[in-house]
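Down below is the structure, laid out as structure tokens.
In the working numbering, the protein residues as written are 15 to 99.
In structure tokens form, the structure reads like this:
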């Protein structure tokens with residue numbers, strides 16, 4: 015099995031394990047029918063709603079896209095196992 019197939023299978027396994035435990039229905043990442051565009055649209059609507067109500071809005075944007083590639087998979091599996099996943 016080549017590395018790309020292995021990583022793809024690993025990502026699917028992690029996704030299926032996390033879907034019922036961590037990922038909430040409002041999330042857009044890894045969800046069918048949702049994308050960066052639907053995420054941006056939802057975020058924009060929420061910000062506009064808060065601004066209209068004259069409430070403060072703070073935003074912190076984090077990008078973990080490379081994090082999965084740098085973590086040794088054996089360590090990740092062990093950590094997931096400690097949480098019963």
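We treat Cβ as the ideally placed atom computed from N, Cα and C, and that holds for glycine.
The model shown is predicted, which means the values in this text are computed figures rather than measured ones.
Whether residue i touches residue j by CB criterion (9 Å)
i          : j          : result
residue 76 : residue 28 : no
residue 24 : residue 63 : no
residue 71 : residue 65 : yes
Heavy atom of the ligand ADP within 8 Å of residue i beta-carbon
i          : result
residue 60 : Within the structure as shown, the ligand ADP is missing, as the structure has no ligands at all.
Residue i in three-state terms, based on DSSP
i           : result
residue 79  : coil
residue 124 : There is simply no residue 124 to check, as the chain begins at 15 and stops at 99 in what is shown.
residue 22  : helix
residue 93  : helix
residue 64  : helix
residue 17  : helix
residue 28  : helix
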